[in-house]
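Undergrad:
In our numbering, the protein residues as written are -4 to 268.
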């Protein structure tokens, strides 16, 4: 019987997000460690599920949320299951489990993180993220009950409808740039994601960083702006990473305050007079 899971890929409550690395490697990974860096539990394939809690308690204090999360990956996830990826209050990914539990020390290495418990996953490259808080945020891995799964499916349907609507918009009034830019962002999601990943998420006009101003809620938030007015482009010309500027919402609105829009340099020069 297929099971559905919600899984976070963050090291600690406020730590590093490891989702992109796991997505690129085609895995869902997890790990818990002692203060000296040693895993609390090693290769779970060599431990019976009924022995797991005893092994954990022999090395560390009981931690129900952490213990259940690792047990889910080690003993309960199965080929054909679906994993939804949690990042803050957003669901940012979905994938189908391709294997039972595996163990490989050092499989995930990033900023001191080295997770080794994992399952192989076929991540959906066309998944459309949406905001949905399912609570139970202390659980890294949560088995989804019927109520939570219905909420996810409802949001997936709304998200699909929105993107389908945007795709169907072929022509809009000159003053209505928002739908046009939504189309641009949808069609260039991978390029925009690469631009953001390679950046410090700071506005290229005023230097604002949302995380510095708003804290955790502003982490990794910035707006992708197409440097050349979209209506002026040859529709057949491909967008490159150099065609994209990252700006805050205030500067983005000011850029489009006049027609034709201001350039990034023009607005930057204006506020730095």
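Glycine included, every Cβ here is placed at the ideal spot set by N, Cα and C.
Nothing here was measured: the structure is a model prediction, and the numbers come from that model.
Are the CB atoms of residue 25 and residue 64 within a distance shorter than 8 Å?
TA: The residue labelled residue 64 in the question sits at position 69 within the chain shown. The residue labelled residue 25 in the question sits at position 30 within the chain shown. Their beta carbons are under 8 Å apart, which means residue 64 touches residue 25 by this criterion.
Undergrad: Hey, how far is the Cα of residue -3 from the Cα of residue 246?
TA: Your numbering for residue -3 matches position 2 in the chain shown. Your numbering for residue 246 matches position 251 in the chain shown. Taking the straight line joining both Cα atoms gives about 47 Å.
Undergrad: Runs of 3 residues minimum, wholly inside the stretch 58 to 116: which ones carry the beta strand (DSSP E) assignment?
TA: Listed in chain order, the complete beta strand (DSSP E) runs (minimum 3 residues) inside the stretch 58 to 116 are 77 to 82, 85 to 92 and 97 to 105.
Undergrad: Roughly how many angstroms lie between the CA atoms of residue 117 and residue 197, to the nearest whole one?
TA: Here the question's residue 117 lines up with position 122 in the chain shown. Here the question's residue 197 lines up with position 202 in the chain shown. Roughly 32 Å separates the two Cα atoms.
Undergrad: Note the first and the last residue of the continuous alpha helix (DSSP H) segment covering residue 51.
TA: Position 56 of the chain shown, counted from the first residue, corresponds to residue 51. Where residue 51 is concerned, the enclosing alpha helix (DSSP H) stretches over 44 to 52.
Undergrad: Please identify the residue among 6, 213 and 68 whose C-alpha is closest to the C-alpha of residue 95.
TA: The residue labelled residue 95 in the question sits at position 100 within the chain shown. When each option's Cα is compared against that of residue 95, the closest is 68.
Undergrad: Just mark residue 2 as buried or exposed, buried being the case when its beta carbon has 16 or more other beta carbons within 10 Å.
TA: Translated into positions along the chain shown, residue 2 becomes position 7. Residue 2 should be labelled buried.
Undergrad: Check for me: the beta strand (DSSP E) holding residue 1 runs from which residue to which?
TA: To locate residue 1, count along the chain shown from 1; it is residue 6. -1 to 3 is the extent of the beta strand (DSSP E) around residue 1.
Undergrad: Pick from 46, 114 and 81: whose alpha carbon is nearest that of residue 73?
TA: By one-based count along the chain shown, residue 73 stands at place 78. It is 114.
Undergrad: Name the one or two DSSP bridge partners that residue 12 has.
TA: As a position in the chain shown, residue 12 is number 17, starting the count at 1. Answer is 5.
Undergrad: Drop a sphere of 10 angstroms on the beta-carbon of residue 149, count the other beta-carbons inside from all chains shown, and report buried for 16 or more, exposed for fewer.
TA: Walking along the chain shown from the start, residue 149 turns up at place 154. The residue in question, residue 149, is exposed, as its Cβ has fewer than 16 Cβ neighbours within 10 Å.
Undergrad: Report yes if the CB atom of residue 200 is closer than 8 Å to the CB atom of residue 242, and no otherwise.
TA: In the chain shown, the residue the question calls residue 200 occupies position 205. In the chain shown, the residue the question calls residue 242 occupies position 247. Cβ atoms of residue 200 and residue 242: closer than 8 Å.
Undergrad: Buried or exposed: where does residue 256 fall if 16 or more other Cβ atoms within 10 Å of its Cβ makes it buried?
TA: Against the chain shown, residue 256 aligns to sequence position 261. Buried is the call here.
Undergrad: State the Cα-Cα distance for the pair residue 262 and residue 188, rounded to the nearest angstrom.
TA: Here residue 262 corresponds to residue number 267 of the chain shown, with the count starting at 1. Here residue 188 corresponds to residue number 193 of the chain shown, with the count starting at 1. Cα to Cα, residue 262 sits roughly 24 Å from residue 188.
Undergrad: Flag this pair as yes or no: are the beta carbons of residue 36 and residue 50 separated by less than 8 Å?
TA: Against the chain shown, residue 36 aligns to sequence position 41. Against the chain shown, residue 50 aligns to sequence position 55. Yes, Cβ-Cβ distance for residue 36 and residue 50 is below 8 Å.
Undergrad: Please classify residue 209: does DSSP put it in a helix, a strand, or coil?
TA: By 1-based counting over the chain shown, the position of residue 209 is 214. Three-state result, residue 209: helix.
Undergrad: Tell me whether residue 54 is buried or exposed, calling it buried when 16 or more other Cβ atoms sit within 10 Å of its Cβ.
TA: One-based indexing of the chain shown puts residue 54 at position 59. Residue 54 is exposed by the Cβ-count criterion.
Undergrad: Run through DSSP, which three-state label would residue 136 get?
TA: Within the chain shown, numbered from 1, the residue matching residue 136 stands at position 141. Here residue 136 sits in strand by DSSP.
Undergrad: Would you check if the distance between the CB atom of residue 102 and the CB atom of residue 0 is smaller than 8 Å?
TA: Counted from its first residue, the chain shown places residue 102 at position 107. Counted from its first residue, the chain shown places residue 0 at position 5. Going by C-beta atoms, residue 102 is not nearer than 8 Å to residue 0.
Undergrad: Output the distance between the C-alpha atoms of residue 153 and residue 141, rounded to the nearest integer angstrom.
TA: The count along the chain shown starts at 1 and reaches residue 153 at position 158. The count along the chain shown starts at 1 and reaches residue 141 at position 146. Rounded to the nearest angstrom, the two C-alpha atoms are 18 Å apart.
Undergrad: Rounded to whole angstroms, what is the Cα-Cα separation between residue 90 and residue 78?
TA: Position 95 of the chain shown holds residue 90. Position 83 of the chain shown holds residue 78. Distance between the alpha carbons of residue 90 and residue 78 is about 5 Å.
Undergrad: In angstroms, rounded to a whole number, what distance separates the CA positions of residue 100 and residue 33?
TA: Here residue 100 refers to the residue found at position 105 when the chain shown is read from its first residue. Here residue 33 refers to the residue found at position 38 when the chain shown is read from its first residue. Rounded to whole angstroms, residue 100 to residue 33 spans 11 Å at the Cα level.
Undergrad: Quick check on residue 258: does DSSP put it in helix, strand or coil?
TA: Position 263 of the chain shown, counted from the first residue, corresponds to residue 258. Reduced to three states, the DSSP call for residue 258 is coil.
Undergrad: Tell me whether residue 221 sits in a helix, a strand or coil according to DSSP, three-state version.
TA: Mapped onto the chain shown, residue 221 falls at position 226. Note: residue 221 maps to strand in three-state DSSP.
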